[in-house]
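In my numbering, the protein residues as written are 1 to 484.
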């Protein structure tokens, strides 16, 4: 069969799937459009199997064609560098181009892979996994050891390619490499070498934080062991499935792990003090109506001149020197009347209120003129007897369906501390960081202390007296008031 006949065959199949052929009442296209239950089951399964073989053979044609193109120098004549660039001219995803080029370069060395792809029995993904697995074994046992065990390695991976996923094939290759590797290898394998570890923490333009890491196997095992119990699905408040994606659960678990570390009093010291998240917030951000938030106060003079006479507010405001401009409304824009955290900078007023609602240390409250107001810790944070009473009442995270242990919770002010809410049991509820910041502050869940002196929660889509749910440790399958 030459290329003309191959193109003709493909064209005939495409024509058989066209709408005109479907309307004729015959052919594969008609079967796909009008297949009947039970009677045509075997025919549909046959089409699926034939489709797989066509894809596998097609991938073999592209891989083998790219390899031959490299041998005969076709890329150079087309002003390209390699056969991979030739493949990139086709409408293929970059990952597919990489796999085809990698497999094509090894077809001659691995005749079993070549034969099974040519026969339509091996997918491109499985063939690529076998190639990567063989390369890994070679890197671990050396050229001499690889030559001695090459046939056995390829045969074993070929068997697993029939029923395992590509990731499982690569893992099997790693197991074989560990089995064959010498006890005292000449070099440390990359997976075992902590000197290759890298991690980065960066801020995005939107103010979010991006974390990336490349760890050795054992360090990664520690991380995954710590994350595993924190990433488990948690039933939704109505008892349904956890609506979070796997990535969302992993991010929540990572944050919980960091929060648990920061709650440990034995953590390392930075600058002579135990490291903690600290918020510096101007008082006007929290309480705009406070007299200390008045922008017309002159620093250090109490709104009086040097002879003790009171200065009018209009004149006092002109005494404030600012190195910045004035907007069209006449307001002075300094960029300083915002809350700040140490590492990621300024935060929004909404987030400042949310942080002050929990157990984060407020490093300093500032007046409009950046004069510190020293606030004792116990005035805002639930400590000592108050927290013990909360633990006795809520037992852990009170959000319906959660129940995280009390040691992983924060005390949420039902009426915000900045709005006059007191740090007393009747105004507090224990919540884990995910439900405190995610459900209450981000999604709009409401919480109140009910007639039974326990927390009740209302979903954001409910109003008034409808939809209120008992706290986690007092929930049952009924919403009746008599339920306990």
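We put the beta carbon where it would ideally sit given N, CA and C, even for glycine.
Contact between the stretch 86-100 and the stretch 25-33 is defined here as three or more beta-carbon pairs at a separation below 8 Å; is this criterion met?
no
When you compare the stretch 457-466 with the stretch 435-446, are there three or more beta-carbon pairs, one atom per stretch, that lie closer than 8 Å?
yes
Whether or not the stretch 390-402 and the stretch 424-441 are in contact is what I'm after, with contact meaning three or more pairs of Cβ atoms, one per stretch, closer than 8 Å; do they touch?
yes
Counting pairs of beta carbons, one from the stretch 161-178 and one from the stretch 203-215, are three or more of them closer than 8 Å?
no
Would the stretch 142-162 count as touching the stretch 74-84 if we require 3 or more Cβ pairs under 8 Å?
no
Along the alpha helix (DSSP H) that carries residue 209, what are the first and last residues, could you check?
Note, residue 209: premise wrong, no alpha helix (DSSP H); beta strand (DSSP E) at 209-214.
Going by other Cβ atoms of all chains shown within 10 Å of its Cβ, with 16 needed for buried, is residue 354 buried or exposed?
buried
Terminal residues of the beta strand (DSSP E) in which residue 279 lies:
278-282
Quick one: using the 10 Å Cβ neighbour count with 16 as the cut-off for buried, is residue 20 buried or exposed?
exposed
Could you check whether the stretch 65-73 touches the stretch 30-49, counting it as contact only if at least three pairs of C-beta atoms, one from each stretch, sit closer than 8 Å?
no
What does residue 412 pair with, by DSSP beta-bridge criteria?
429
What's the gap between the Cα of residue 107 and the Cα of residue 62?
12 Å
Comparing the C-beta of residue 82 with each C-beta of chain C, is any distance below 8 Å?
Among the chains in the structure shown there is no chain C, since it carries only a single protein chain.
Can you tell me whether residue 237 sits near the ligand PLP, meaning its C-beta is under 7 Å from at least one heavy atom of the ligand?
Looking for the ligand PLP in the displayed structure turns up nothing, as the structure carries no ligands at all.
C-alpha gap between residue 234 and residue 165, whole angstroms
28 Å
Kindly confirm or deny that the stretch 96-103 and the stretch 115-129 touch, where touching means at least three C-beta pairs closer than 8 Å.
yes
For residue 201, count neighbouring C-beta atoms within 10 Å of its own C-beta (all shown protein chains included) and say buried if the count is 16 or more, exposed if not.
exposed
Which term fits residue 308, buried or exposed, when burial requires 16 or more other beta carbons within 10 angstroms of its beta carbon?
Any reading at residue 308 must be qualified, since the residue scores a pLDDT of 47, below 50, and its modelled position is unreliable; the value itself is stated next. So residue 308 counts as exposed.
Quick one, which of 225, 249 and 218 has its alpha-carbon nearest residue 231's?
249
Can you list, in chain order, the residues of its chain with a C-beta nearer than 6 Å to that of residue 227? Leave out the 5 residues immediately preceding and following it.
253
Environment of residue 408 [buried if 16+ CB atoms lie within 10 Å]
buried
In angstroms with no decimal places, state the Cα-to-Cα distance between residue 59 and residue 251.
37 Å
Buried or exposed: residue 378, going by 16 or more other Cβ atoms within 10 Å of its Cβ?
Bear in mind that a pLDDT of 38 at residue 378, under 50, signals an unreliable position, so the model cannot answer this.
C-alpha distance - residue 391 paired with residue 405, whole-angstrom precision
9 Å
Does residue 1 pass the burial test, meaning 16 or more other C-beta atoms within 10 Å, or should it be called exposed?
exposed
Residue 83, enclosing alpha helix (DSSP H) - first and last residue
83-88
Using the Cα positions of residue 350 and residue 340, report the straight-line distance between them to the nearest angstrom.
13 Å
Take the Cβ of residue 159 as the centre, count every other Cβ of all protein chains shown within 10 Å, and call the residue buried at 16 or more, exposed below.
exposed
If I measure Cβ to Cβ from residue 300 and keep anything under 7 Å in the same chain, skipping five residues before and after, which residues do I get?
For residue 300, the pLDDT reaches just 43, beneath the cut-off of 50, and the residue's location in the model is therefore unreliable, although a value from the coordinates is still provided. There are no such residues.
Do you know offhand how far residue 403's Cα is from residue 467's?
20 Å
Under three-state DSSP, which class holds residue 11?
helix
Going by C-alpha distance, which of 208, 425 and 385 is nearest residue 343?
208
In the DSSP assignment, find the alpha helix (DSSP H) that holds residue 217 and state where it starts and stops.
217-227
Short of 8 Å in beta carbon distance, which residues of its chain neighbour residue 110, apart from the five on each side in sequence? Order them along the chain.
130, 131, 134 and 154
Indicate the three-state DSSP secondary structure (helix, strand or coil) for residue 65 in the structure shown.
helix
Best match in 40, 120 and 51 for proximity to residue 14 [C-alpha to C-alpha]:
51
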